[in-house]
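Below is one structure, written out as structure tokens, with a few remarks after it.
Numbering (our numbering), first residue to last: 102 to 458.
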């Protein structure tokens, strides 16, 4: 009798795994894309790799995007391009600024280089940037660089997540989870979207994109038994559900998410797709509900990358203001690094989804 029961449960388990595997393998067949994410990603990379621009967060985010894209398509030659760009810092000729969230996020680049190449010289500088954020924490345990700007969710969160990926030290994932949960508690509204800041009560597109990217990066590594896992997942799912409602018929999202008269904007669209495609891939979001949204979004976003590898309709850097016109009239710049980074992240997530890796 015991043998029969063991055989029965083994059959049930095997059948369940087989059905799950079959469903996952069919994901790539369900997604219909007009333009290859690999083609788009390589076009962006050819545009950014030799461009002169100060080492500000948006360029670093693009270089990080190039590295994770290269890893997703298993192309070491691309990784080597971004490794070469790091040489002045590797050799000690240059040192990044620190002491502000927009400076410290520089560390996501060398952390990713360390993850891909294993050279501890990349780790040392990156770890220093991650640790200095918590040298004198606030009484509530947050970094003393906390400002409660929505942008900080990525600038702080992504750096601590990368530190955890590189070192597996639980202190970093705990910092990231606490920081993002507290930001969700303070800035996320009942509809799932985020205000730019308490005194800037607008659902700015890229600001919400930073939130999506930060929550996505965290969920990709956050253990399911972590005390904040369910809160982070709930915040993410609530946001994705609302984004469905505000996607433009052409597939894009708007500069102000809930204002269809504001212009469609590429960087927020790319960041949203990074979260949406990752969510479906990892099972945080149901394929049936989000498939058409992802297809439509990618096909639209890819069409905004021109023949020179420049992403068009990208909002320039934007400070928080209690003035709606401020957001509606922000200039757009083709090839702006905010958009280049976002498209690379989106392309990476689409490739992972297609390849089920």
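Where a beta carbon is used, it is the ideal one built from N, C-alpha and C, also for glycine.
Just so you know, these numbers come straight off a predicted model, no measurement behind them.
- In chain order, 149, 438, 441, 442 place their CB closer than 6 Å to the CB of residue 163, counting only its own chain and leaving out the 5 sequence neighbours on each side.
- In the three-state reduction of the DSSP assignment, residue 366 falls in the strand class.
- Annotated as proximal: residue 279 and residue 243, with beta-carbon spacing under 9 Å.
- Excluding sequence positions up to five before and after residue 376, its CB lies within less than 6 Å of the CB of 313, 317, all in the same chain and listed in chain order.
- Per DSSP, the continuous alpha helix (DSSP H) segment holding residue 147 begins and ends at 138-149.
- For residue 430, the number of other beta carbons within 10 angstroms of its own is below 16, and it is reported as exposed.
- Per DSSP, reduced to three states, the secondary structure at residue 421 is coil, with no helix or strand assignment.
- Annotation: the stretch 312-351 contains the following complete segments of the alpha helix (DSSP H) (minimum length 4 residues), in chain order: 330-347.
- Around the CB of residue 194, fewer than 16 other CB atoms lie within 10 Å, so the residue is classed as exposed.
- Excluding five sequence positions before and after residue 353, the CB atoms of its chain that fall closer than 6 Å to its own CB belong to 365, 370, 401, given in chain order.
- Within the same chain, Cβ atoms closer than 7 Å to the Cβ of residue 131 are found at 388, 392, the five residues on either side in sequence being excluded.
- Listed in chain order, the non-local C-beta contacts of residue 285 below 6 Å within the same chain comprise 336, local neighbours out to five positions each way being set aside.
- Remark: C-beta atoms of residue 212 and residue 231 approach each other more closely than 9 Å.
- Going by DSSP, residue 185 is part of the alpha helix (DSSP H) stretching over 177-186.
- The beta-carbon separation of residue 406 and residue 144, rounded to 6 Å, stays under the 8 Å limit for a contact.
- Our two residues, residue 341 and residue 385, have alpha carbons roughly 10 Å apart in a direct line.
- Judged by pairs of C-beta atoms under 8 Å, the stretch 266-274 does not touch the stretch 161-181, as fewer than three such pairs exist.
- Between the alpha carbons of residue 308 and residue 185 lies a gap of roughly 31 Å.
- In this structure, DSSP gives residue 133 a state outside helix and strand, which the three-state scheme calls coil.
- By the beta-carbon neighbour count (other beta carbons within 10 angstroms, threshold 16), residue 228 is buried.
- For residue 183, same chain residues with a beta-carbon under 8 Å away, outside a window of 5 residues either side, are 150, 164, 167, 168, 171, 210, 214 in chain order.
- The beta-carbon separation of residue 358 and residue 297, rounded to 11 Å, does not stay under the 8 Å limit for a contact.
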